[in-house]
Amino acid sequence: MFLRVLCALFALVGLVACSPEYNWREVAISGAGVSAIFPDKPKVDEKRFIFEGETLVLSMAGTTVKSAIFAIGHAPLGARLQENAAARQALYRQVVSSFYSNFNQATPNPLPAPGELFVVTGKGPNGDMQLSAKVWMTSDYLLEAIVVAPQALFPEDQTKEFFAGVAF
Numbered sequence: 001m002f003l004r005v006l007c008a009l010f011a012l013v014g015l016v017a018c019s020p021e022y023n024w025r026e027v028a029i030s031g032a033g034v035s036a037i038f039p040d041k042p043k044v045d046e047k048r049f050i051f052e053g054e055t056l057v058l059s060m061a062g063t064t065v066k067s068a069i070f071a072i073g074h075a076p077l078g079a080r081l082q083e084n085a086a087a088r089q090a091l092y093r094q095v096v097s098s099f100y101s102n103f104n105q106a107t108p109n110p111l112p113a114p115g116e117l118f119v120v121t122g123k124g125p126n127g128d129m130q131l132s133a134k135v136w137m138t139s140d141y142l143l144e145a146i147v148v149a150p151q152a153l154f155p156e157d158q159t160k161e162f163f164a165g166v167a168f
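Going by our numbering, the sequence shown opens with residue 1, and the numbers climb by one from there.
Shown next as structure tokens:
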């Protein structure tokens, strides 16, 4: 009996030891025609914000693995923004600038191009933080992909994999 329990315990320890910390899965982003790979099962939350008098609903799908947050945000654009390229560009500028201001950093001029990876570092409540992000603006929606983590623990390889898995 003891031998059976011991064998079962070793088998359980072996399974736990083999469990990947990053359990990648493809997820369809609701209504956007976008898919992404996440390192664990994402949870979805919504945030409303107002831009030039129009309320936008930003749906965020995200997960945390080893102190790193991996997230995709998607906001459908209303008719006024869909018809106005200058307003969409202003929204893009505001969103990208917000990432820099959240880390008390100056917004670069020129801004990163839509879909271009950019990195922002700064102080967080628990020390130095790093954010890697891409922001896209189409005629129909705003899309952002972000990874944020303590700078000393930033998962460079997993971040590359995450961004490579965003498709639309």
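Even glycine gets a Cβ: it sits at the ideal position worked out from N, Cα and C.
The model shown is predicted, which means the values in this text are computed figures rather than measured ones.
(message) Which residue wins for smallest C-alpha separation from Pro76, given the options Lys66, Ile69, Ala149 and Glu54?
(response) Translated into positions along the sequence shown, residue 76 becomes position 76. Measuring from the Cα of Pro76, the nearest candidate turns out to be Glu54.
(message) Let me check understanding here. Comparing Cα to Cα, which of Gln89, Pro125, Ile50 and Gly115 lies closest to Ser132?
(response) Taking the first residue of the sequence shown as position 1, residue 132 is located at position 132. Residue Gly115 is the option with its Cα nearest to Ser132.
(request) Identify which residue in Pro42, Glu26, Lys41 and Lys43 has its Cα closest to the Cα of Ser35. (result) Reading the sequence shown from its first residue, position 35 is the one you call residue 35. Answer by Cα proximity: Glu26.
(message) Three or more C-beta pairs under 8 Å: does that hold for the region 154–163 against the region 61–68?
(response) yes
(message) So for Phe162, helix, strand or coil by DSSP?
(response) Residue 162 sits at position 162 when you count from the first residue of the sequence shown. Phe162 falls in the helix class under three-state DSSP.
(request) Write down every uninterrupted run of the beta strand (DSSP E) in the region 105–154 whose length is 3 residues or greater and which is fully enclosed by it, in chain order. (result) 118–124, 127–137 and 141–150
(message) Counting only C-beta atoms, is Thr107 closer than 8 Å to chain B at any point?
(response) The structure shown contains no chain B, having only a single protein chain.
(message) With a threshold of 8 Å on Cβ separation, who are the neighbours of Leu117 within its own chain once the five nearest residues in sequence on each side are excluded?
(response) For the purposes of this step, residue 117 is taken as the residue at position 117 of the sequence shown. Here the set comprises Ser132, Ala133, Lys134 and Phe163.
(request) Starting from the N-terminal side, write out each stretch of the alpha helix (DSSP H) that is 4 residues or longer and does not extend beyond the region 82–108. (result) 85–102
(message) Please state the DSSP three-state secondary structure of Glu156.
(response) Position 156 of the sequence shown, counted from the first residue, corresponds to residue 156. Helix, per DSSP.
(message) For Ser59, report the span of its beta strand (DSSP E) as first-last.
(response) The sequence position of residue 59 within the sequence shown is 59, counting from 1. Segment Glu54 to Val65, the beta strand (DSSP E) holding Ser59.
(message) So, for Arg48: in the same chain, excluding its five sequence neighbours on each side, which residues have a beta-carbon less than 8 Å away from its beta-carbon?
(response) To locate residue 48, count along the sequence shown from 1; it is residue 48. Taken in chain order, the residues that qualify are Thr55, Leu56, Val57 and Leu58.
(message) Measuring straight from C-alpha to C-alpha, what distance separates Phe38 and Ala28?
(response) The count along the sequence shown starts at 1 and reaches residue 38 at position 38. The count along the sequence shown starts at 1 and reaches residue 28 at position 28. Rounded to whole angstroms, Phe38 to Ala28 spans 10 Å at the Cα level.
(request) Give the straight-line distance between the Cα atoms of Glu83 and Ser139, rounded to the nearest whole angstrom. (result) Translated into the one-based positions of the sequence shown, residue 83 becomes position 83. Translated into the one-based positions of the sequence shown, residue 139 becomes position 139. If I take the Cα positions, the gap works out to 8 Å.
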